[in-house]
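> Going down the list, the sequences are from chains A and B. Take the first sequence: its letter number 62 is residue 62 in the numbering used here, and every next letter is one higher. Each number in the numbering used here corresponds to the 1-based position in the second sequence with 102 added. Before I ask anything, here is the structure I am working with.
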Amino acid sequence: MANVASNRDPQMKFYILVWISLLCIVGIEVFLTYRGFSTHVLLTALLLLAFIEAGIGLLYFMHLKYDRPILLWSFVLSIVFVLLMMNQIWPDAYRMVSIGHR
Amino acid sequence: MSESVATLPGGLSSTMEPSPYGVQAKKLTIWLFIASDAVTFGAVLFGYAYIRVGTPSWPRPFHFNPSILNGMVMTAALLTSSLTMLGAVAAAKVGRKASTLKWLGVTVVLGILFAVLHLREWFHMFDGGWSLSRNPTGGPVMFGATFFSITGLHLLHVISGVLALIVVAIGYKTSWLDENHVETTGLYWHFVDLVWMFVFPLLYLLNASG
């Protein structure tokens, strides 16, 4: 079975632009690291940029933009759901701080 | 829904529905693997975050030079290897065997470069007294445990990817494997790159000093 939408593949020139944009985002991450932000602000900024990088990678490098949308939705949504469910750990992490765990 | 008739291995015919994903079974399989592996990395990164949040006086041992600089070069090498992998897939799709092998070769070299730089960073840390269970500054020991286990898991994926790329290159050269194998291996390689997009900021940049 041939993959659908393979005739919509972008040219290498486009991929080079995507690659440059990803390198720029990495540069921004390093720049932000040395701007003296608090850990919470820096974490938020770095995570946001990392998710943007992941989105670009998934859509263009991993071709999800050009495959059937069901592939994107069924895999990405299930992963996001599991990752969201993992967030129940935080109250216990803060409890550990409060009891002085080392 | 339209239906197609397929012949089963035993010679029996059966009416089967076409795949809603419109991709080959091997591509769907690699996506299933990627989804499960993404959750694995998600779990270990959540574990790291849990330990870090719950541990006062978390160490920040990485100076810009050499650690962050080394990490930037590693990131650039991995991102560039994704680009060369795209070149290999594009060449394979149009049947340009020599070009495919050339791009796969460059991807392998960049993957090896990443692994070498990573190991150099590790040995630099070992020399500084860090290990899975040791913190030379006398602070919490969990930094070494989380750092070496997560980056080690990622390094294992890179080394596996390099070996897979070599096998696929040999198989493609001898026509034992086809362009679809190059594409599915490429998906795995891009995934390894994607994971690093989280590992580098969370384990290196958030632990950078000054």
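Glycine included, C-beta positions come from ideal geometry on N, C-alpha and C.
Using DSSP with H/G/I as helix, E/B as strand and the rest coil, what is B:Phe164?
In the structure shown, B:Phe164 sits in a strand (DSSP, three-state: E or B).
> Answer yes or no: do A:Met12 and B:Gly189 have a C-beta to C-beta separation smaller than 9 Å?
Against a cut-off of 9 Å, the Cβ pair of B:Gly189 and A:Met12 comes out as a contact.
> What does a CB cutoff of less than 8 Å around B:Pro161 pick up in its chain, not counting 5 residues either side in sequence?
Asn237, Thr239, Gly241, Pro242, Phe245, Asn309, listed in sequence order.
> Would you mind working out which of A:Val97, A:Gln88, A:Ile99 sits nearest B:Phe148, comparing C-alpha positions?
For B:Phe148, the nearest C-alpha among the options comes from A:Gln88.
> Taking only beta carbons into account, state which residues of the stretch 116–128 of chain B come closer than 7 Å to chain A, listed in chain order.
If the cut-off is 7 Å between Cβ atoms, the stretch 116–128 of chain B has Pro122, Tyr123, Gly124, Val125, Gln126 near chain A.
> When DSSP labels each residue in this structure, what does B:Ser251 get in the three-state scheme?
It is helical.
> Does DSSP put B:Ser233 in a helix, a strand or coil?
Three-state result, B:Ser233: strand.
> Inspect the CB distances between the stretch 35–43 of chain A and the stretch 214–222 of chain B and report whether three or more fall short of 8 Å.
No: the two stretches stay apart, fewer than three of their Cβ pairs being nearer than 8 Å.
> In the DSSP output, what is B:Ala310 paired with across the bridge?
DSSP output for B:Ala310 lists B:Phe164 as bridge partner(s).
> By Cβ distance, which residues of its chain are closer than 7 Å to B:Ile132, with the 5 residues on each side in sequence left out?
Excluding positions up to five away in sequence, the list reads Thr286, Leu289, Tyr290.
> Expressed to the nearest angstrom, what Euclidean distance is found between the alpha-carbon atoms of A:Leu22 and B:Met118?
Between A:Leu22 and B:Met118, the C-alpha separation is close to 42 Å.
> If we ignore side chains and look at the alpha-carbon of each, how far apart do A:Gly57 and A:Pro69 end up?
Whole-angstrom Cα-Cα distance: 16 Å.
> Closest to B:Ser311 by CA distance: which of B:Ala192, B:Phe164, B:Trp205 is it?
Taking only the C-alpha atoms, the option nearest B:Ser311 is B:Phe164.
> Name the residues in the stretch 70–89 of chain A whose C-beta lies less than 9 Å from a C-beta of chain B; which are they?
Residues passing the 9 Å Cβ filter: Ile70, Leu71, Ser74, Phe75, Val76, Ser78, Ile79, Val82, Leu83, Met86, Asn87, Ile89.
> Taking C-beta pairs closer than 9 Å, name the residues in chain A that B:Gly144 reaches, listed in chain order.
Those within 9 Å of B:Gly144 in chain A are Ile79, Val82, Leu83, Met86.
> Rounded C-beta distance between A:Val18 and A:Phe61? I'm assuming under 8 Å.
A:Val18 to A:Phe61, Cβ: 7 Å. Contact.
> Would you call the CB atoms of B:Met187 and B:Leu203 closer than 9 Å?
Cβ atoms of B:Met187 and B:Leu203: not closer than 9 Å.
> For a cutoff of 9 Å on Cβ pairs, would you count A:Leu117 as touching chain B?
It is not possible to answer for residue 117 of chain A, since the shown part of chain A is limited to 1 through 102.
> Pick out the complete beta strand (DSSP E) segments inside the stretch 253–296 of chain B, 3 residues or longer, and give them in chain order.
Complete beta strand (DSSP E) runs here, min 3: none at all.
> At 8 Å on the CB atoms, spell out the chain B contacts of A:Ile28, in chain order.
Near A:Ile28 there are no residues of chain B at all, since even the closest Cβ is about 11 Å away, more than 8 Å.
> Quick check: what's the CA-CA separation for B:Glu105 versus B:Ala140?
Confidence at B:Glu105 is low in this model, with a pLDDT of 44, below 50, so its placement is unreliable and no value can be given for it.
> Between B:Tyr150 and B:Thr248, which are expected to be in contact by the criterion C-beta below 8 Å, what is the C-beta distance as a whole number of angstroms?
Sure, about 4 Å apart at Cβ, within 8 Å.
> Could you tell me how far apart the beta carbons of A:Phe75 and B:Ala127 are, in whole angstroms, since I believe they sit closer than 8 Å?
Contact flag wrong, Cβ pair sits at about 15 Å.
> Tell me, please, whether the CB atom of B:Thr177 is closer than 9 Å to any CB atom in chain A?
Interface residue, yes.
> Does B:Met103 have its Cβ less than 9 Å from a Cβ in chain A?
Since pLDDT at B:Met103 reaches only 42, below the 50 mark, its modelled position is unreliable, and the value read off the structure follows with that caveat. So no, B:Met103 is outside the interface.
> Closer than 8 Å by C-beta to B:Leu212: which residues in its own chain qualify, once you throw out the five before and the five after it? Chain order, please.
Cβ neighbours of B:Leu212 beyond the five flanking positions: Ala179, Leu180, Thr182, Ser183, Thr186.
> Give the range of the alpha helix (DSSP H) segment to which B:Ser138 is assigned.
Note, B:Ser138: alpha helix (DSSP H), 127–155.
> Whose C-alpha, out of B:Ala200, B:Phe293, B:Val208, B:Tyr306, is nearest the C-alpha of B:Thr276?
Ranking the options by Cα distance to B:Thr276, first place goes to B:Ala200.
> What is the residue span of the alpha helix (DSSP H) that A:Tyr66 lies within?
Segment: none, A:Tyr66 is in no alpha helix (DSSP H) and carries neither H nor E.
> Quick check for students: name the residue ranges of the alpha helix (DSSP H) that lie wholly in the stretch 30–95 of chain A, counting only runs of 4 or more.
Counting whole runs of 4 or more residues, the stretch 30–95 of chain A contains the alpha helix (DSSP H) stretches 39–56, 69–85.
> Using 8 Å for Cβ pairs, my map puts B:Ser262 next to B:Glu223. What's the rounded Cβ distance?
Actually they do not touch by this definition, with Cβ atoms about 19 Å apart.
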